[in-house]
Structure formats: structure tokens, C-alpha cells
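Add 601 to a position in the sequence shown, counting from 1, and you land on the number used in my numbering.
Even glycine gets a Cβ: it sits at the ideal position worked out from N, Cα and C.
Here the structure is laid out as C-alpha cells; the discussion comes afterwards.
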Amino acid sequence: MTIATRSAPRMNIVTSGDDHEQIVIRQDAETGLRFIVAVHSTVLGPALGGMRLKRYPGGLREALEDVMGLARTMTLKASAAGLDLGGGKAVMIDDGRSELRAARLEGAASVIESLGGAYITAEDIGTTTADMDHLSRFTRFAVGRSSENGGGGDPSPVTAETVFGALRRGLAAATGSGELDGRRVGVIGLGKVGSVLAARLADAGARVIACDLDSGRCERLAGEHGVKIAPSAEAVLAGALDVLAPCAAGGVIDDALAGALDCRVVAGAANNPLTSRRVARTLMERGIVYVPDFLANCGGLIHVSKEWERTSLRTGRSPALGQDGSRGPSEDELIARAMERLDLALEVSEAEGVPPVEVAERQALERVEAQRSR
């Protein structure tokens with residue numbers, strides 16, 4: 602795979618051998634930037650997905666595998682949420698050199714701008730609203746900006762809101778009731794979304810046990826909301842739970858763990874928390890409802906999609922408008938419709954005896970193919 606460096610005047614765009622439309626890799630010897638953008642699909646509209654700043658022990662190859670999987674999930678998420686957007690993702694490899702952050706973001710912005718709107722970025726694990734504000738100085742294609750900079754602010758609380766609603770729907774499907782009072786809920790990861798979710802669950806009467814590497818977050822949630830702090834993710838996973846909510850990195854649940862979990866529902870904010878679709882089958886066979894991640898956590902995408910829509914209206918672009926040229930439904934309406942699609946996926950899953958994620962993925966891809974065939 603060809604890598605474009607800063608010394609090279611041209612950006613090499615790599616067409617993937619699978620179903621990704623394009624992948625761009627940029628390395629810059631001067632700033633140490635190692636950055637990948639994966640555009641999975643623009644059939645429904647421009648690809649919108651966050652920029653992740655993360656350490657990858659396996660280097661560029663591991664980062665590439667991660668971003669490709671995440672980009673495909675964003676296609677599913679946008680389609681399932683009823684948005685006229687495609688799926689894409691970006692990752693920047695973190696080496697701890699925080700003093701180079703601004704320069705590297707500027708380099709990333711130049712890559713995004715060179716794609717001409719095929720990919721729109723937003724914040725994700727490791728990046729912030731302030732980062733999106735900085736990026737927007739160098740590219741037109743950044744959302745999740747602060748309100749002071751014309752944006753909609755941090756999308757994380759909206760993501761937490763849809764995860765909260767999806768979690769309750771999963772409980773209702775598994776137990777006949779979505780009530781949270783007295784339920785044991787394990788939350789892995791107390792970042793921007795997980796901390797809001799844990800607080801919301803505790804305030805609703807759930808008995809929340811959670812873990813995070815940041816002791817300050819743990820202490821705050823324990824003190825303010827009565828969240829019980831576990832020493833590790835393994836301790837959360839080993840406990841008897843009603844709901845497991847993975848809210849950190851993906852790939853937490855493999856087939857072996859799926860066969861050992863003691864819970865009724867898995868529903869969280871993490872993208873791709875299962876290592877494979879086979880794991881969803883294992884969970885279903887054990888009577889555990891896995892709520893499709895790309896429906897559970899779609900609130901943040903819906904939130905930033907409305908910011909992109911407002912930006913498009915101000916600048917005369919219209920890629921984020923409805924296919925009939927209208928402004929489209931409100932954020933609340935889009936979230937309500939996404940939750941209706943989740944209800945449908947859970948109902949069809951029960952009727953057909955297949956995991957909800959397979960139903961939701963099928964429905965999302967059918968919408969993409971219908972648009973492709975027009």
C-alpha cells in the first residue's frame with residue numbers, strides 16, 4: 602500500500618480491495634503525523650464519521666484494520682438512523698507527543714480538505730470539541746465544533762441519550778420490562794459518553810458498577826451519583842449483571858467471553874464491541890439480547906448531522922439536505938425514528954430467530970442498495 606509523505610506533493614488515494622470506496626494514508630516525517638481516512642460509502646451522501654486519536658501497538662497495520670471496520674459501521678449507522686449520509690472514519694496514531702497535536706491536526710485537515718467533501722470529520726475517542734474548532738480553521742469539512750464557533754457542541758450527551766433508550770428497549774425485549782430501578786448495570790469506560798450514561802443510569806435507580814483508567818472520573822461518579830467502581834474491566838465482566846454496557850474501545854467481547862457472560866442484555870456506546878457476528882449468535886443462543894451498537898449509539902451522529910445541515914444551508918451546499926430538497930426532520934424526530942427501527946429489529950429478531958444486529962444490518966444495507974440502484 603502506498604503511503605504519501607509530506608515531502609511528496611501529491612496525496613496517494615488507495616482504492617480498497619473490498620467494499621471501501623477509498624482509503625488515504627498520510628505520514629509526515631516533520632510532525633510525526635500518521636493518519637488514515639477510510640471512506641466506506643458515499644451512496645447515501647458524504648461520509649461522516651469521527652476522528653479517533655489512539656495508540657496502536659501494532660502500528661499502521663492495526664490502525665488500518667480498525668479504521669476500515671469503523672468506517673463500515675458508520676455506513677450502517679447513518680443508514681439505520683435514516684440519514685442521507687455515508688460512512689467514513691479517520692484515525693490518528695497517538696505516540697504521546699502532545700506538543701505536536703496542533704500541527705498534526707493541521708496536517709490531518711489538509712488530507713480531509715483534499716477529499717473535497719467525500720469525508721466529513723467529527724470528534725471521537727481521544728479528540729475534542731476544541732480539536733474540531735482547530736480543524737475547522739483549515740478544512741470546511743469538520744463538525745462537532747463549539748457553539749462559539751458556529752457548531753452544535755459536544756455530541757457525547759446525545760449519544761448517551763440514545764444508548765440509554767436502547768438499553769431500556771433491550772431490557773424490555775429480554776425481560777418484559779425496561780424499568781431500571783434495582784437493575785445491575787456494568788459500564789466499561791467512563792469517557793465522554795460512558796460517564797454521562799453511568800450518571801443517567803444511577804439517577805434512574807440502577808445499581809451501576811463501572812471502571813475506567815481515569816481515577817478522577819471514577820471518584821467523581823462515585824461521589825456524585827453513587828456509582829460503584831470496579832478495579833478493572835475484567836471485574837465488571839465477571840459479575841452478575843442485568844445489562845453490560847461497553848463504552849470504551851471495540852472488540853471487548855469474543856466468542857469465549859460471550860459464552861461466559863452472566864447478563865441479560867449487552868447495550869453500550871462502543872462501536873464494534875463484538876469481535877465477530879458469530880459472537881452475536883452465541884449471545885442469542887444463551888438468551889442474551891445484543892442491542893446493535895450502530896443503532897444504540899447513533900445519537901451523536903444524528904446531532905452532528907444537523908450541524909452539517911445548518912452549515913450546508915449557510916454556505917449554499919446541500920449534500921446533507923433531504924433527497925426532496927427539504928430541511929428534513931428535527932434531531933428529536935430522527936432519534937425517535939431510529940429507536941422505532943430498533944424496536945422493529947428486536948421484533949423481527951424474535952420472530953425470525955436471528956440476532957437483532959443481523960436484522961438491523963440487513964435493513965441498513967437494503968436502504969443503501971435501494972439508493973445505489975436508482
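- With a cutoff of 7 Å on beta-carbon distance, Ala-775 and Val-880 are scored as not near each other.
- Cys-848 carries a coil assignment under DSSP once its states are collapsed to helix, strand and coil.
- In this structure the segment 693-704 does not touch the segment 666-683; the number of beta carbon pairs closer than 8 Å is below three.
- Comparing C-alpha distances from Ala-709 to each of Gly-752, Asp-732, Gly-687 shows the shortest one belongs to Asp-732.
- Fully enclosed beta strand (DSSP E) runs of no fewer than 3 residues occupy 785-789, 808-812, 844-847 of the segment 765-850, in order along the chain.
- Burial is judged here by how many other beta carbons sit within 10 angstroms of a residue's own beta carbon; Leu-884 has at least 16 and is buried.
- Scanning Gly-751, Ala-823, Lys-829 for the CA closest to the CA of Arg-785 turns up Lys-829.
- Glu-724 has Met-652 as its beta-bridge partners, per DSSP.
- Asp-815 has its alpha-carbon roughly 48 Å from the corresponding atom of Ser-974.
- Ala-639 is positioned such that its CB atom lies no closer than 7 Å to that of Ala-664.
- Here Pro-957 is near Pro-893, since their CB atoms are less than 7 Å apart.
- Within the DSSP secondary-structure output, Ile-854 pairs in a beta bridge with Leu-875.
- Taking 7 Å as the cut-off, the beta carbon of Val-764 is found no closer than this to the beta carbon of Leu-802.
- In its chain, beyond the 5 residues on either side, Arg-818, Leu-822 have a beta carbon closer than 7 Å to the beta carbon of Ser-796.
- Spatial neighbours of Arg-882 in its own chain (CB-CB distance under 7 Å, excluding positions within 5 residues in sequence) are listed in chain order as Pro-956.
- With a 10 Å radius around the Cβ and a threshold of 16 neighbouring Cβ atoms, Asp-782 comes out exposed.
- Its chain contains Thr-760, Val-764, Ala-870 as the residues whose beta carbon lies nearer than 6 Å to that of Asn-898, once the 5 sequence neighbours on both sides are disregarded; these appear in chain order.
- For Arg-887, the three-state secondary structure derived from DSSP is coil.
- Measuring C-alpha to C-alpha distances from Gly-688 to each of Met-652, Ser-715, Arg-662, Ala-800 identifies Met-652 as the nearest.
- When beta bridges are read from the DSSP output, Lys-690 appears opposite Ala-639.
- Secondary structure note for Arg-627: its beta strand (DSSP E) is the uninterrupted segment 623-629.
- Collapsing the DSSP output to three states places Asp-695 in coil.
- For the options Arg-942, Leu-896, Gly-792, Gly-787, the alpha carbon positioned closest to that of Met-675 is the one of Leu-896.
- As the crow flies, the alpha-carbon of Asn-750 is around 11 Å from that of Leu-736.
- Among the bridge pairs identified by DSSP, Ala-743 is matched with Thr-722.
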